[in-house]
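**Q** Dumping the structure here so I can ask a few things about it.
This is how it looks when you write it as structure tokens:
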């Protein structure tokens, strides 16, 4: 099995933040911009959610950060408190009374909630799934992020990369030129990569975070696509799966970044857009892109795991029995593909076709515990101690399976598991699904 080199996201984020110029907003401007973003993101559903919470604490019991620390401040619904205050004072039916009884938000509130909205929330959605009132908590935490970003208070690591991606179309200096360089390296190995085809049925996305250090993930993806024999391409004008606008909370950046993918798909006439193994990119493109674009998209959006699973079921993807030690595995469900996309069976169908023994973790499928690195958390140096505590939950679950190999289908999960392996001197092999498929094509 080929090795995959994953960059240290925390170091990369710190490097990007070093060049960020802070927004020169007064305290009054920060509050005004945060409120504006909160109110812009406040839907009728969210208003219902804020009125419906019964303070039962079940969302706390769902959150890996609360479970690992026991600290009540990490209760998911508490992370929405600034949004709740603005709603009570500005929109609720009792707003005149609430303006007397509920104090307005302050800059200190916004500063205090940075850790809760960013460092201690991976947007994994487990709290929403387990809420007995059906409150979609992570969507409200995202609106809190939007408000903080509007006020110039998003973490510098995320905001710097968001600004770069929005304005330059690159991540940490890796854009279309870097993609072309990597494509040429893959081609030099005898693997065809159709770059910038005018017309193609399938547009395949990649990510600078996949090829900053090496080309193995792009090479593996190309091998599988070529084996399937479909008319596919990667477009240098719209290849980046990751969307740091969504991670930072910058709605303007998120929309512009998504539009590049949409424009590239439309230009190539693609019927399907395949999202790389990038967790947050999947819901951003599948569930939010059309809304931000303003109309229905004329193509289907699938994660690469979903697509390979569908091709396997249709008989077009043929696999041999896996070798190289991958005979007994456990599978870590990426939160964004699973809870937010319903993609559970495809990866397991692939593992079954590979003939491996799959031992499930205690939490798997819909209730799977997050690895602790998603939602941009892996980019934040300040979140490292908290992330390590949350990872211990995942380590324990993996250990109890007895499996020597952990497979996943998200590059952030992969990186977090690899980082955990380094922290703990862990004896587990971490494998991404695309690489596993590529290494075992029949």
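In our numbering, the protein residues as written are 16 to 457.
All C-beta atoms in this analysis are idealised placements derived from N, C-alpha and C, irrespective of residue type, glycine included.
Residue 77 to residue 145, Cα distance in whole Å?
**A** CA-to-CA, the gap between residue 77 and residue 145 works out to about 7 Å.
**Q** Per DSSP, residue 343 forms a beta bridge with which residues?
**A** 372
**Q** How close, in whole Å, do the beta carbons of residue 137 and residue 385 come, if the pair is a contact with beta carbons under 8 Å?
**A** 5 Å
**Q** Is the distance from the Cβ of residue 201 to the Cβ of residue 186 below 7 Å?
**A** Contact flag unset, no.
**Q** Taking only runs that begin and end inside the region 112-188, name each unbroken alpha helix (DSSP H) of 4 or more residues, in chain order.
**A** 122-129, 141-145, 152-165 and 171-183
**Q** Jot down the residue ranges of each uninterrupted alpha helix (DSSP H) in the region 302-357, minimum 4 residues, whole runs only, in chain order.
**A** Unbroken alpha helix (DSSP H) stretches of 4 residues or longer found wholly inside the region 302-357: 304-308, 319-328 and 350-353, given in chain order.
**Q** Rounded to whole angstroms, how far is the Cβ of residue 129 from the Cβ of residue 97, which I believe are closer than 8 Å?
**A** About 11 Å separates the two Cβ atoms, so there is no contact after all.
**Q** Could you check how far apart the C-beta atoms of residue 280 and residue 314 are, in whole angstroms? I think they sit under 8 Å.
**A** 5 Å
**Q** To which residues of the same chain is residue 20 closer than 6 Å at the C-beta, ignoring the five residues directly before and after it?
**A** With a pLDDT of 48 at residue 20, under the threshold of 50, the predicted position of this residue should be treated as unreliable, though the coordinate-derived value follows. Here the set comprises 228 and 229.
**Q** Can you give me the Cβ contacts of residue 225 inside the same chain, cut-off strictly under 7 Å, excluding the 5 residues immediately before and after it?
**A** 232, 233, 291 and 426.
**Q** Let me confirm a value: residue 74 is counted as buried when at least 16 other C-beta atoms fall within 10 Å, else exposed. Which label applies?
**A** By the 10 Å Cβ count, residue 74 comes out buried.
**Q** When you compare only the Cα positions, how much space is there between residue 414 and residue 379?
**A** The alpha-carbon atoms of residue 414 and residue 379 are separated by roughly 14 Å.
**Q** Residue 20 by DSSP, collapsed to three states: which one?
**A** The pLDDT assigned to residue 20 is 48, lower than 50, so where the model puts this residue is not dependable, and the model offers no usable value.
**Q** Is the separation between the beta-carbon of residue 395 and that of residue 172 shorter than 7 Å?
**A** yes
**Q** Please look up how many angstroms separate the CB atoms of residue 347 and residue 248, rounded, as I've assumed it's under 8 Å.
**A** In fact, because the Cβ distance is near 30 Å, the residues do not count as touching under 8 Å.
**Q** Apply the 10 Å Cβ neighbour rule to residue 123 and answer buried if 16 or more other Cβ atoms are within range, or exposed otherwise.
**A** exposed
**Q** Do residue 131 and residue 102 count as a contact pair if the criterion is CB distance below 7 Å?
**A** no
**Q** Where does residue 219 land, buried or exposed, given buried means 16+ other C-beta within 10 angstroms?
**A** buried
**Q** Enumerated in chain order, which unbroken segments of the alpha helix (DSSP H) with a length of 4 residues or greater are wholly contained in the region 234-301?
**A** 259-263 and 266-283
**Q** Exposed or buried, residue 277, counting other C-beta atoms within 10 Å across all chains shown (16 or more means buried)?
**A** buried
**Q** Assuming residue 218 is part of the beta strand (DSSP E), what are its boundary residues?
**A** 217-219
**Q** For the region 344-360 against the region 295-304, do three or more pairs of beta-carbon atoms, one drawn from each stretch, fall closer than 8 Å, so that the two count as touching?
**A** Counting Cβ pairs under 8 Å, three or more are found: they touch.
**Q** Rounded to whole angstroms, what is the Cα-Cα separation between residue 196 and residue 289?
**A** Residue 196 and residue 289 have their C-alpha atoms roughly 21 Å apart.
**Q** Taking the alpha-carbon positions, what's the residue 18 to residue 48 distance?
**A** Residue confidence is low: residue 18 scores 45 on pLDDT, short of 50, so the model does not pin down where it sits. Its coordinate-derived value is still stated next. So the alpha carbons of these two residues sit roughly 46 Å apart.
**Q** Would you call the region 156-170 and the region 40-57 in contact, with 3 or more CB pairs under 8 Å?
**A** yes
**Q** Could you compute how far the alpha carbon of residue 86 sits from the alpha carbon of residue 275?
**A** 41 Å
**Q** Can you give me the Cβ contacts of residue 153 inside the same chain, cut-off strictly under 6 Å, excluding the 5 residues immediately before and after it?
**A** Only 138, 140 and 143 meet the Cβ criterion.
**Q** Give every residue of the same chain whose Cβ lies closer than 7 Å to the Cβ of residue 105, excluding the five residues on either side of it in the sequence, and list them in chain order.
**A** 54
**Q** How should residue 439 be labelled, buried or exposed, when 16 other C-beta atoms within 10 angstroms of its C-beta is the threshold for buried?
**A** exposed
**Q** Would you mind giving the Cβ-Cβ distance between residue 241 and residue 216, rounded to the nearest angstrom? I have them listed as a contact below 8 Å.
**A** 14 Å between Cβ atoms; not a contact.
**Q** Expressed to the nearest angstrom, what Euclidean distance is found between the alpha-carbon atoms of residue 262 and residue 363?
**A** Cα-Cα distance, rounded: 28 Å.
**Q** Within 10 Å of its beta-carbon, does residue 334 have 16 or more other beta-carbons around it, so buried, or fewer, so exposed?
**A** buried
**Q** Could I get the ranges of all uninterrupted alpha helix (DSSP H) runs contained in the region 32-75, with 4 residues as the minimum, in chain order?
**A** 42-56 and 59-67
**Q** Return the residue from the list 393, 391, 343 and 456 that minimises the CA-CA distance to residue 371.
**A** 343
**Q** Between residue 420 and residue 376, is the Cβ-Cβ spacing less than 7 Å?
**A** no
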